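Going by this note's numbering, the sequence shown opens with residue 358, and the numbers climb by one from there. We treat Cβ as the ideally placed atom computed from N, Cα and C, and that holds for glycine. Only a predicted model underlies this, so the values are computations on that prediction, with no experimental measurement involved. Shown next, in structure tokens, is the structure this report addresses.
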Amino acid sequence: MNTEKSINQEKQQKINRTLVLRLVRQEKLVSRAEIAKLSGLQRATITNIVKELIELGIVVENGLLSGDKGRRSIGIRINGEKFCVAGVMVTREYFGVSLIGLSGEIRETRYFKMEETDSVSESIRRITTEIHGMIEAHKQEFQTLAVGVAVPGPYKMDGDEVVFVTNLVGWDGSPISSLLQADFNIPVYIENDANAGAFAQLWNYEKSLSRKDMAYIVAGQGIGCGIISNGMLLKGALGIAGEIGHTTIDYCGPRCECGNYGCLEMYCSLLVFKKNIRTRLAKGEESCVREEYEKKGFLTQSMLKNAMEKGDSLVREEFDKMCEYLAVGIINVINQLNPELVIIGDSLAEIGGEYMLTKIKRKIQERVRPIIWDNLQIELNEIPENPILVGAAAIAAQRVFENPAEFIK
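As structure tokens, this is what we get:
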């Protein structure tokens, strides 16, 4: 009985500590009295938690704030200068590494090409080498406490494996967490890229999203959906919820690598968009991307974005198809989950911008019931940095916030 009581107390302490740290990060600079007001916790509880966090160095006192009746109180803020986390995103073509302060400032970000000929272990070795290099370069400035990694495709939490990734040979079933953790003496946390992107939205806009049901659509090299329900990530029984890229939009369609037929991802993704344009260029059709494409031998995101802005007919025709298919996928999400907010991000959203948003909103409005449309917001991602990379780091930071004493040596 005493053991059970002790466990419950520890759990409650962790919840309270996390809540306080999230409020301090969210408010930037806040007094103890305001933390108590916002959290609903007793002043004595706040005093004890803040004292513990100051001793750990994870928060610091900073300046005076005006309070009720003209009283001034000491401000508390996250010590983002002293501690950071590493965020990593892995895609089919490249991986990115970023160091982000616990209060959200990005210290450094770099991107590296994925080599198609590398095995999983070779790719992991390259990724860990770059993470170590970045941490080492900044070790005199701040301490890196944990690493968050976003992987493409569904990630099975309890089995530590990437369940399925199209166009990334050899990664299916790989124990990614174990391979990465073997090279680090700080914790490594793995998450699906769409979930990381959704968590970044929650992390950056917690005040507005904490009670909302939201779907974050990853429209890039693959198609995925991160789901926020009542302020929490919805992962499903195995941690692989939201795989809209492998929902059927044509039951008579071609067989996908996942085993299904007519998957959304076979008709809509950055890879499909590029493939369709290359096919038409090979047939001799004209486009403003031809000269640069023939010079480089491949299509880049900036080439396609410029072509869209110029109104290139070939590129726009193919992009319109992407919008049509993606709208159908989002309609399925809306009808199944009834979110208040849908945010679209990643490569296709960056290429199409407001043009894409207008096309998709028009198609969705045509196909959903008026009561659903009237209570739905559809937006583009507004996080200036890569939201998947930010989300990977934020997931690591969230773990630090739960029990900072386990991380700070």
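Strand pairing of Phe452, partner residues [DSSP]:
Taking the first residue of the sequence shown as 1, we reach residue 452 at position 95. Its beta-bridge partners are Val447, Phe469.
To the nearest angstrom, how far is it from the Cα of Leu591 to the Cα of Lys569?
The residue given as residue 591 occupies position 234 in the sequence shown. The residue given as residue 569 occupies position 212 in the sequence shown. If I take the Cα positions, the gap works out to 12 angstroms.
Cβ neighbour criterion (16 or more within 10 Å) applied to Thr448:
Translated into the one-based positions of the sequence shown, residue 448 becomes position 91. With 16 or more other Cβ atoms within 10 Å, it is buried.
State the Cα-Cα distance for the pair Tyr624 and Val575, rounded to the nearest angstrom.
To locate residue 624, count along the sequence shown from 1; it is residue 267. To locate residue 575, count along the sequence shown from 1; it is residue 218. Cα to Cα, Tyr624 sits roughly 15 angstroms from Val575.
Span of the alpha helix (DSSP H), counted from its first residue to its last, around Met623:
Here the question's residue 623 lines up with position 266 in the sequence shown. Element bounds for Met623: n/a, residue is neither H nor E.
Take the Cβ of Gly579 as the centre, count every other Cβ of all protein chains shown within 10 Å, and call the residue buried at 16 or more, exposed below.
As a working mapping, residue 579 is identified with position 222 in the sequence shown. Buried, by the Cβ-count rule.
Measure the C-alpha to C-alpha separation of Lys720 and Gly748 and round it to an integer number of angstroms.
The residue given as residue 720 occupies position 363 in the sequence shown. The residue given as residue 748 occupies position 391 in the sequence shown. For Lys720 and Gly748, the distance between alpha carbons rounds to 29 angstroms.
Reduced DSSP category for Phe440 - H, G, I as helix; E, B as strand; rest coil
In the sequence shown, the residue the question calls residue 440 occupies position 83. If DSSP states are grouped into helix, strand and coil, Phe440 belongs with the strands.
Assigned exposure category for Phe469 - 16 Cβ within 10 Å defines buried:
For this step, residue 469 is matched to residue 112 along the sequence shown. Result: exposed.
In terms of residue numbering, what span does the alpha helix (DSSP H) encompassing Cys680 cover?
Taking the sequence shown and counting its residues from 1, one reaches residue 680 at position 323. Cys680 -> alpha helix (DSSP H) spans 670 to 694.
With a CB to CB cut of under 6 angstroms and the five nearest residues on each side skipped, what residues in its chain are close to Thr466?
Counting from one through the sequence shown, the residue named residue 466 turns up at place 109. The residues are Ser455.
Looking at the secondary structure, which residues open and close the beta strand (DSSP E) in which Ser586 lies?
By 1-based counting over the sequence shown, the position of residue 586 is 229. Unbroken beta strand (DSSP E) run through Ser586: 580 to 586.
Val506: first and last residue of the uninterrupted beta strand (DSSP E) it sits in
Looking up residue 506 in the sequence shown gives position 149. Its beta strand (DSSP E) spans residues 500 to 508.
DSSP three-state assignment for Val646, whether helix, strand or coil:
Mapped onto the sequence shown, residue 646 falls at position 289. DSSP places Val646 in coil when its eight states are reduced to three.
Could you have a look at Asn549 and say whether DSSP puts it in helix, strand or coil?
Within the sequence shown, the letter at position 192 stands for residue 549. Reduced to three states, the DSSP call for Asn549 is strand.
I believe Glu675 touches Ile634 by the beta-carbon criterion, under 8 angstroms. Please report the beta-carbon distance rounded to the nearest angstrom.
Counted from its first residue, the sequence shown places residue 675 at position 318. Counted from its first residue, the sequence shown places residue 634 at position 277. Between Ile634 and Glu675 the Cβ distance is about 5 angstroms, and since that is below 8 angstroms, they are a contact.
I'd like the span of the beta strand (DSSP E) that includes Leu737, first residue to last.
Residue numbering aside, residue 737 sits at position 380 when the sequence shown is read from its first letter. 734 to 737 is the extent of the beta strand (DSSP E) around Leu737.
Measuring CA to CA, which of Ser531, Val445, Ile431, Leu410 is closest to Leu386?
Mapped onto the sequence shown, residue 386 falls at position 29. Out of Ser531, Val445, Ile431, Leu410, Ile431 has the C-alpha closest to the C-alpha of Leu386.
Give the single residue among Lys371, Glu736, Gln722 whose Cα lies nearest to the Cα of Trp730.
Walking along the sequence shown from the start, residue 730 turns up at place 373. That would be Gln722, whose Cα lies nearest to the Cα of Trp730.
Given a cut-off of 8 angstroms on the beta-carbon distance, is the pair Pro509 and Asp550 in contact?
Position 152 of the sequence shown, counted from the start, is the residue given in the question as residue 509. Position 193 of the sequence shown, counted from the start, is the residue given in the question as residue 550. Closer than 8 angstroms, so yes.
So, using beta-carbon positions, are Tyr546 and Arg374 closer together than 8 angstroms?
Looking up residue 546 in the sequence shown gives position 189. Looking up residue 374 in the sequence shown gives position 17. Cβ atoms of Tyr546 and Arg374: not closer than 8 angstroms.
Are Gly453 and Val445 close, meaning C-beta to C-beta below 8 angstroms?
Residue mapping note: residue 453 aligns to position 96 of the sequence shown, counting from 1. Residue mapping note: residue 445 aligns to position 88 of the sequence shown, counting from 1. Result yes, Cβ atoms of Gly453 and Val445 sit closer than 8 angstroms.
Looking at C-beta atoms only, is the number of pairs between the segment 656 to 672 and the segment 609 to 618 that lie closer than 8 angstroms three or more?
no
Can Cys620 and Thr604 be called in contact, C-beta distance under 8 angstroms?
For the purposes of this step, residue 620 is identified with residue 263 of the sequence shown, where counting begins at 1. For the purposes of this step, residue 604 is identified with residue 247 of the sequence shown, where counting begins at 1. Yes, they are a contact pair.
Going by DSSP, which residues form a beta bridge with Ala576?
Locating residue 576 in the sequence shown gives position 219, where the first residue counts as 1. BP columns for Ala576 point to Ile580.
With a cut-off of 8 angstroms, do at least 3 Cβ pairs link the segment 705 to 712 to the segment 647 to 656?
no
Reduced DSSP secondary structure (H/G/I, E/B, other) of Asn542:
Within the sequence shown, residue 542 is the residue found at index 185, counting from 1. The answer is coil: DSSP assigns Asn542 none of H, G, I, E or B.
Ser388: buried (16+ other C-beta within 10 angstroms of its C-beta) or exposed?
Translated into positions along the sequence shown, residue 388 becomes position 31. The residue is buried, with at least 16 neighbouring Cβ atoms inside 10 Å.
Where Val526 falls, given that 16 or more other Cβ within 10 Å makes a residue buried:
Counting from 1 along the sequence shown, the entry for residue 526 is found at position 169. By the neighbour-count rule (16 or more Cβ atoms within 10 Å), Val526 is not buried but exposed.
Candidates Phe499, Arg429, Ser478: closest to Asp540 by CA position:
Locating residue 540 in the sequence shown gives position 183, where the first residue counts as 1. Per the Cα distances, Ser478.
Taking only three categories from DSSP, how would you classify Thr657?
Within the sequence shown, numbered from 1, the residue matching residue 657 stands at position 300. If DSSP states are grouped into helix, strand and coil, Thr657 belongs with coil.
Write down the C-beta distance between Ile463 and Leu537 rounded to the nearest angstrom, noting that I regard them as a contact closer than 8 angstroms.
Along the sequence shown, read from residue 1 onward, the residue named residue 463 stands at position 106. Along the sequence shown, read from residue 1 onward, the residue named residue 537 stands at position 180. With 8 angstroms as the limit, Ile463 and Leu537 do not qualify as a contact, their Cβ atoms being about 21 angstroms apart.
To the nearest angstrom, how far is it from the Cα of Ile745 to the Cα of Gly461?
In the sequence shown, residue 745 corresponds to position 388, counting from 1. In the sequence shown, residue 461 corresponds to position 104, counting from 1. Whole-angstrom Cα-Cα distance: 14 angstroms.
For Tyr505 and Glu643, I'd like the C-alpha separation in whole angstroms.
Your numbering for residue 505 matches position 148 in the sequence shown. Your numbering for residue 643 matches position 286 in the sequence shown. In the sequence as displayed, the identity of residue 505 is Gly instead of Tyr. Taking the straight line joining both Cα atoms gives about 44 angstroms.
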